[in-house]
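Engineer:
Protein chains: 2
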Amino acid sequence: MAAPSSVSAAPTASPLFLREHEVRRGVELLFFGYTRLTRAIDDGLAEHGLGRAHHRALYFIARQPDLTISELLKILAITKQSLGRVLTDLAEKALVETRTGVVDRRQKLLRLTAEGVRFEAQLFDALRTSLASAYAAAGQESVTGFWRVLEGLIPAEDKAMVIALQKDI
Amino acid sequence: MAAPSSVSAAPTASPLFLREHEVRRGVELLFFGYTRLTRAIDDGLAEHGLGRAHHRALYFIARQPDLTISELLKILAITKQSLGRVLTDLAEKALVETRTGVVDRRQKLLRLTAEGVRFEAQLFDALRTSLASAYAAAGQESVTGFWRVLEGLIPAEDKAMVIALQKDI
DNA sequence: TAGATACGTCAATATGGCTGCCCCATCTTC
DNA sequence: GAAGATGGGGCAGCCATATTGACGTATCTA
Numbered sequence: 000m001a002a003p004s005s006v007s008a009a010p011t012a013s014p015l016f017l018r019e020h021e022v023r024r025g026v027e028l029l030f031f032g033y034t035r036l037t038r039a040i041d042d043g044l045a046e047h048g049l050g051r052a053h054h055r056a057l058y059f060i061a062r063q064p065d066l067t068i069s070e071l072l073k074i075l076a077i078t079k080q081s082l083g084r085v086l087t088d089l090a091e092k093a094l095v096e097t098r099t100g101v102v103d104r105r106q107k108l109l110r111l112t113a114e115g116v117r118f119e120a121q122l123f124d125a126l127r128t129s130l131a132s133a134y135a136a137a138g139q140e141s142v143t144g145f146w147r148v149l150e151g152l153i154p155a156e157d158k159a160m161v162i163a164l165q166k167d168i
Numbered sequence: 000m001a002a003p004s005s006v007s008a009a010p011t012a013s014p015l016f017l018r019e020h021e022v023r024r025g026v027e028l029l030f031f032g033y034t035r036l037t038r039a040i041d042d043g044l045a046e047h048g049l050g051r052a053h054h055r056a057l058y059f060i061a062r063q064p065d066l067t068i069s070e071l072l073k074i075l076a077i078t079k080q081s082l083g084r085v086l087t088d089l090a091e092k093a094l095v096e097t098r099t100g101v102v103d104r105r106q107k108l109l110r111l112t113a114e115g116v117r118f119e120a121q122l123f124d125a126l127r128t129s130l131a132s133a134y135a136a137a138g139q140e141s142v143t144g145f146w147r148v149l150e151g152l153i154p155a156e157d158k159a160m161v162i163a164l165q166k167d168i
């Protein structure tokens, strides 16, 4: 794959054609890392009869109180129907509550209840334990690199959304 | 866990209690990065009437020809039933073939057919495009950090498996 | 030969996604 | 004030992917 740099006539390989090994390594580590991290909260969720889809909604509502439905839809990138079921479950379990929008009364503003806050924090703790130990083992420099590469995987049209999330804390 | 060498009385916070912000950032970037990367191959899969589960099997068979069923089960961490359906589909589409094990005739050794190799390579190309551009934007140092953190997320009992995968290429 | 292992398979069930269609309330624009 | 756009809710039906538990067969190992 890598063109020898000594040959001047043929341009060297574009950075888009990195050695296959490096790409495969990333694909695999992302797969294992992501799946193993999410597995850390399955037990906590199961105790409440909830699944990962519920956690994702819970998580982003925790992160941005007064989020609207359509904003949450953009973040999760699922359909209204799918989200509807999840939010119904969360409301029934009194983990999430909605209020009518103030500037636009068509909107619903999503918030966690006190119990929702408690539960999300409990789940987050499991995530923190896993991720913090990975951070600690890798060192701060590695963490920065970890963030940079992942940011590069987010398509331009989604980037503003992700950055907005991270402004709040 | 590391005791601060300078302060003797009050220990600083353990590395396991990193600032919440840093952990949330990692959780979110992993979510967006992973989901956006996997989305890159959905169209290619759909053309063949296959889903992501099929790709995961295809991918790891490509990576380790003559993989056995039980090894693949460990990697994917799903049930025999679930994998069975996926492999049946792949066999019907003539993307995967099996041979009886040589050292142990109970085993089935999984391999891609020529068409399977071609198809996996095509899908891989979409992954490479995404990941390579993220690598290029972040720089080689970042890529190393990216790998290190992700490795730290893999539980000890799975680590040998992942490392074994990466020895082959 | 007895037991463990590798694989296949049955039936039933859960979860979390999807499409297409239609509804109402509210905001915006003309 | 009317027309249309937007935010949200909901119905019916479907699909993909996962689960459990039990059982069967071939093969290996002690």
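Chains as they are written, first to last, in numbering that gives the first Met the number 0: chain A, 0 to 168; chain B, 0 to 168.
Using N, Cα and C, we set each Cβ at its ideal position, and we do this for glycine too.
1. Just to confirm before moving on: does the CB-CB distance between residue 145/B and residue 145/A stay below 8 Å?
2. Kindly indicate which three-state DSSP category residue 107/B falls into: helix, strand or coil?
3. Under three-state DSSP, which class holds residue 66/B?
4. In this structure, how does DSSP classify residue 98/A when only helix, strand and coil are distinguished?
5. Would you say residue 142/B and residue 148/A are within 8 Å of each other, going by their C-beta atoms?
6. Kindly indicate which residue of 86/A, 69/A and 78/A has the alpha-carbon position closest to the one of residue 53/A.
7. Give me the residue from 135/B, 34/B, 130/B and 20/B with the minimum Cα distance to residue 76/A.
8. So, is the C-beta of residue 125/B closer than 8 Å to a C-beta in chain A?
9. Is the shortest distance between the beta-carbon of residue 84/A and the beta-carbons of chain B less than 8 Å?
10. Rank 18/A, 126/A, 156/A and 61/A by C-alpha distance to the C-alpha of residue 117/A and give the top, closest one.
11. Assuming residue 112/A is part of the alpha helix (DSSP H), what are its boundary residues?
12. In terms of residue numbering, what span does the alpha helix (DSSP H) encompassing residue 83/A cover?
13. Can you tell me the Cα-Cα spacing of residue 165/B and residue 64/B, whole angstroms?
14. Between residue 2/A and chain B, is the shortest Cβ-Cβ distance under 8 Å, so that the two count as touching?
15. Could you work out which residues of chain A lie near residue 31/B, taking near to mean beta carbons separated by less than 8 Å?
16. Can you tell me which of 100/B, 122/B, 26/B and 134/B puts its alpha carbon nearest to the alpha carbon of residue 44/B?
17. Any beta-carbon of chain B closer than 8 Å to the one on residue 170/A?
18. Under a three-way DSSP split, which group does residue 162/A fall into?
19. If the cut-off is 7 Å on Cβ atoms, which residues from the segment 81-109 of chain B count as contacting chain A, listed in chain order?
20. Closest by CA to residue 101/B, which one among 129/B, 114/B and 66/B?
21. Using a Cβ cut-off of 7 Å, pull out every chain B residue sitting near residue 137/A, in sequence order please.
22. CA-CA distance, residue 20/A and residue 98/B?
23. Which of the three DSSP states is assigned to residue 28/A in this structure?
24. Tell me, please, whether the CB atom of residue 28/B is closer than 8 Å to any CB atom in chain A?
25. Which residue from 22/B, 58/B and 152/B puts its Cα closest to that of residue 37/B?
26. May I ask you to list, following chain order, the residues of the segment 47-75 of chain B that have a beta carbon less than 8 Å from some beta carbon of chain A?
27. Could you list which residues in chain A have their beta carbon closer than 8 Å to that of residue 119/B, in chain order?
28. State the start and end residues of the unbroken alpha helix (DSSP H) segment that holds residue 147/B.
29. Along chain B, in chain order, which residues have C-beta atoms closer than 9 Å to that of residue 43/A?
30. Could you spell out the range, first to last residue, of the alpha helix (DSSP H) harbouring residue 48/A?
Structural biologist: Quick answer:
1. Contact flag set, yes.
2. strand
3. Strand, per DSSP.
4. strand
5. yes
6. Put simply, of 86/A, 69/A and 78/A the residue whose alpha carbon is nearest the alpha carbon of residue 53/A is 86/A.
7. 34/B
8. no
9. The C-beta of residue 84/A comes no closer than 8 Å to any C-beta of chain B.
10. 61/A
11. Careful: residue 112/A lies outside any alpha helix (DSSP H) and carries neither H nor E.
12. According to the DSSP assignment, residue 83/A belongs to the alpha helix (DSSP H) that extends over 79-91.
13. Distance between the alpha carbons of residue 165/B and residue 64/B: 13 Å.
14. Per-residue confidence for residue 2/A stands at a pLDDT of 40, beneath the threshold of 50, marking its modelled position as unreliable; no derived number is given.
15. 149, 152, 153, 157 and 161
16. 122/B
17. Shown here, chain A extends from 0 to 168; a query on residue 170/A therefore has no answer.
18. helix
19. none
20. 66/B
21. 144, 147, 148 and 151
22. 27 Å
23. helix
24. yes
25. 58/B
26. 55, 58 and 62
27. None at all; the shortest Cβ gap to chain A is about 11 Å.
28. Bounds of the alpha helix (DSSP H) holding residue 147/B are 139-152.
29. Simply none; closest approach about 15 Å.
30. First-last for residue 48/A: undefined, no H or E at that position.
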